[in-house]
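Q: Numbering (the working numbering), first residue to last: 58 to 351.
Note that beta-carbon positions come from the ideal geometry of N, C-alpha and C, so glycine has one too.
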Ligand SMILES: [Ca+2]
Ligand SMILES: [Ca+2]
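1) Bridge partners of residue 172, per DSSP?
2) Return the first residue and the last residue of the beta strand (DSSP E) that residue 133 is part of.
3) Which class does residue 239 belong to by DSSP, given the choice of helix, strand or coil?
4) List the endpoints of the continuous beta strand (DSSP E) containing residue 101.
5) Residue 266 lies in the beta strand (DSSP E); which residues open and close that run?
6) Near ligand 1, which residues have their beta-carbon closer than 5 Å to a heavy atom?
7) Taking C-beta to C-beta, are residue 160 and residue 318 nearer than 8 Å?
8) Can you give me the Cβ contacts of residue 272 inside the same chain, cut-off strictly under 6 Å, excluding the 5 residues immediately before and after it?
9) Check residue 52 in the structure and name its three-state DSSP category.
10) Sorted by chain position, which residues of the same chain lie with C-beta nearer than 6 Å to residue 239's C-beta, five sequence neighbours on each side aside?
11) Which same chain residues end up closer than 6 Å to residue 299 when comparing Cβ atoms and leaving out the 5 residues on each side of it in sequence?
12) Once the 5 residues before and after residue 180 are set aside, which same chain residues still bring their CB inside 7 Å of it?
13) What are the start and end residues of the beta strand (DSSP E) that includes residue 315?
14) Roughly how many angstroms separate the alpha carbons of residue 147 and residue 74, rounded to a whole number?
15) Identify, in the order they occur along the chain, each residue of the same chain with its Cβ nearer than 8 Å to the Cβ of residue 77, setting aside the five sequence neighbours on each side.
Rendered as structure tokens:
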């Protein structure tokens, strides 16, 4: 009984959780390119415009507007210095991103995706138009995961882009591989097609004890999809990417906007004193166990 009590006491010892990345961008300065607190680059295939309006319904929000149907726009930001990306070093380390969104009118086939990637030091330094044909992102960089959520009552999927996937194409999510198809269905993104939708999307990646990573996405706090990647998992991140997907815009003069972006990277490292205490307690427990077995 004594050893059990000691073991429980050891498990309750404080563990230092150290946030290495902690960024919130609410676009209140109406500027996406000033580096305060983040710079947001736009990649599109023409027909969309990315701004932070200072009036109207999207006042102070990162906003993509469309002049036609079937437009695609990526929004990308780098949240650590290029030389020091955030790495999931130990089991329990995690990174989570979230964004509020508002969609004026979705169209059939429209999707919204959020992803975490490692630029590998190859970063954009300006907006890119016609990203589908420009060599904006090389095939050998930008590894990570994305979660894709369709408008309406579709399936939610997690994709991977890694050194072992094909990586054809030159946009952030081009050539990536689907890890998980419709693990959760029946949870519509917002209220469905052709009606305004608002909510919060988030993506969480955690390193597990067996060195796999767990990727989970949530809508308004409800889990949409989860996948555990055991093969060549990605641990390092410096890039947050949002994709306003094909056919999001059914007609002209529509918008998708984002606000209150949060990026949090946490390393869980036992305090040296706690680690020493744990070793001592487990040693005591082992002694007690051996005695009991005699
Ligand atoms: Ca700003
Ligand atoms: Ca993998």
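A: So, from the listed chains and residues:
1) As a working note, residue 172 is residue 115 in the chain shown. Answer is 203, 298.
2) Counted from its first residue, the chain shown places residue 133 at position 76. Secondary structure note for residue 133: its beta strand (DSSP E) is the uninterrupted segment 130-135.
3) Mapped onto the chain shown, residue 239 falls at position 182. Annotation note: pLDDT 45 at residue 239 (below 50); position unreliable, coordinate value reported separately. Judged by DSSP in its simplified three-state form, residue 239 adopts coil rather than helix or strand.
4) Numbered from its first residue, the chain shown carries residue 101 at position 44. Looking at the DSSP string, the run of the beta strand (DSSP E) that includes residue 101 is 97-101.
5) As a working mapping, residue 266 is identified with position 209 in the chain shown. Per DSSP, residue 266 belongs to no beta strand (DSSP E) and is neither H nor E.
6) This selection yields 86, 88, 91, 93.
7) For the purposes of this step, residue 160 is taken as residue 103 along the chain shown, with counting starting at 1. For the purposes of this step, residue 318 is taken as residue 261 along the chain shown, with counting starting at 1. Going by C-beta atoms, residue 160 is not nearer than 8 Å to residue 318.
8) In the chain shown, residue 272 corresponds to position 215, counting from 1. Beyond the five residues adjoining it in sequence on each side, residue 272 comes within less than 6 Å, by CB distance, of 202, 215, 262, 284 in the same chain, given in chain order.
9) The chain is shown only over 58 to 351; residue 52 falls outside these bounds and no answer can be derived.
10) Residue mapping note: residue 239 aligns to position 182 of the chain shown, counting from 1. Only weak support exists for where residue 239 lies, its pLDDT of 45 falling under 50; the value from the coordinates is given anyway. Cβ within range, chain order: 212.
11) Here residue 299 is taken as the residue at index 242 of the chain shown, counted from 1. Only residues of its own chain outside the window of five on either side were considered, and among them 132, 171 have a CB closer than 6 Å to the CB of residue 299, listed in chain order.
12) Taking the first residue of the chain shown as position 1, residue 180 is located at position 123. Only 135, 139 meet the Cβ criterion.
13) Here residue 315 refers to the residue found at position 258 of the chain shown. Per DSSP, residue 315 belongs to the beta strand (DSSP E) from 311-326.
14) On the chain shown, position 90 is the one that residue 147 refers to. On the chain shown, position 17 is the one that residue 74 refers to. If I take the Cα positions, the gap works out to 12 Å.
15) Locating residue 77 in the chain shown gives position 20, where the first residue counts as 1. Excluding positions up to five away in sequence, the list reads 143, 322, 323, 324.
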